[in-house]
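One structure is given here, and the rest of the page talks about it.
Put into structure tokens, the structure is as follows:
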């Protein structure tokens with residue numbers, strides 16, 4: 081999440097409202113939230129690791145999807161092609177080869193003018 085917090089494109093839309101999987105109970109819009117990660121093992125000669133699917137949700141309000149599409153584009157531009165250190169891992173690790181795989185934009189069912197962008201990526205963690 082630190083990459084999103086530090087990104088000028090993302091912060092120009094959401095300010096500092098970049099959250100992990102547990103945002104505040106009633107967050108101020110617009111904001112981003114990390115969705116649960118999906119990992120599958122990746123094994124090769126002299127290599128053990130995992131392939132991750134990462135989803136970042138962006139939430140914005142408006143009469144149409146323009147604001148959330150702008151937020152989704154900022155999220156994808158921030159993370160696509162990046163390599164990110166994982167300081168909380170139990171060993172020195174990086175999430176590498178991050179690739180944007182697509183964005184879904186939907187109406188948010190809980191907010192009359194709310195929109196939700198689900199921005200998906202894949203990346204690799206090796207040890």
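In the working numbering, the protein residues as written are 81 to 207. Think of the CB as a built atom: it goes at the ideal place given N, C-alpha and C, for glycine as much as any other residue.
Contact check, residue i vs residue j, beta carbons under 8 Å
| i | j | result |
| --- | --- | --- |
| residue 140 | residue 109 | yes |
| residue 137 | residue 197 | yes |
| residue 133 | residue 200 | yes |
| residue 117 | residue 98 | no |
| residue 179 | residue 202 | yes |
| residue 81 | residue 100 | yes |
| residue 89 | residue 154 | yes |
Strand pairing of residue i, partner residues [DSSP]
| i | result |
| --- | --- |
| residue 162 | Paired residues: none, contrary to the question. |
| residue 206 | 129 |
| residue 194 | 141 |
| residue 180 | 201 |
Opening and closing residue of the beta strand (DSSP E) in which residue i lies
| i | result |
| --- | --- |
| residue 140 | 127 to 141 |
DSSP state of residue i mapped onto helix, strand, coil
| i | result |
| --- | --- |
| residue 117 | coil |
| residue 153 | helix |
| residue 95 | coil |
| residue 200 | strand |
| residue 124 | strand |
| residue 112 | strand |
| residue 100 | coil |
Residue i: first and last residue of the uninterrupted alpha helix (DSSP H) it sits in
| i | result |
| --- | --- |
| residue 86 | 82 to 86 |
Three or more C-beta pairs under 8 Å: does that hold for the stretch 158 to 171 against the stretch 183 to 197?
No: fewer than three Cβ pairs fall under 8 Å.
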